[in-house]
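Numbering (my numbering), first residue to last: 1 to 98.
Quick notes on the structure that follows.
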């Protein structure tokens, strides 16, 4: 169920929102709700990227192994071309900086 939230917007911003909302056949309210929803979704994606990056860094620190980009790229290019090829071998890496 929708709750009520009050936003105090500067007059200039209210005018910009109203003009843009008219241009897409929306009310200013609907325009702002959509804009907030889009920003929330974007920020959630960014947070997810950050969490996954930290998990990858931690896994690398724990295992000490990684794959060279060049080896992985060559492997997938060969597979896409229908050529049988061995999987890339992991290499030892230095402990990543925190």
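No residue lacks a Cβ here, since even glycine has one placed at the ideal position from N, Cα and C.
This one's a predicted model, so the numbers in the text were calculated from it and none came from an experiment.
Of all C-beta pairs linking the segment 33-44 to the segment 52-59, fewer than three are shorter than 8 Å, placing the two stretches out of contact. Within its own chain, the residues whose Cβ lies closer than 8 Å to the Cβ of residue 30, once the five positions on either side in sequence are excluded, are 21, listed in chain order. Residue 66 is bridged by DSSP to 91.
The C-beta separation of residue 18 from residue 28 comes to about 5 Å, placing the pair in contact by the 8 Å criterion. For residue 51 and residue 61, the gap between their C-alpha atoms comes out near 15 Å.
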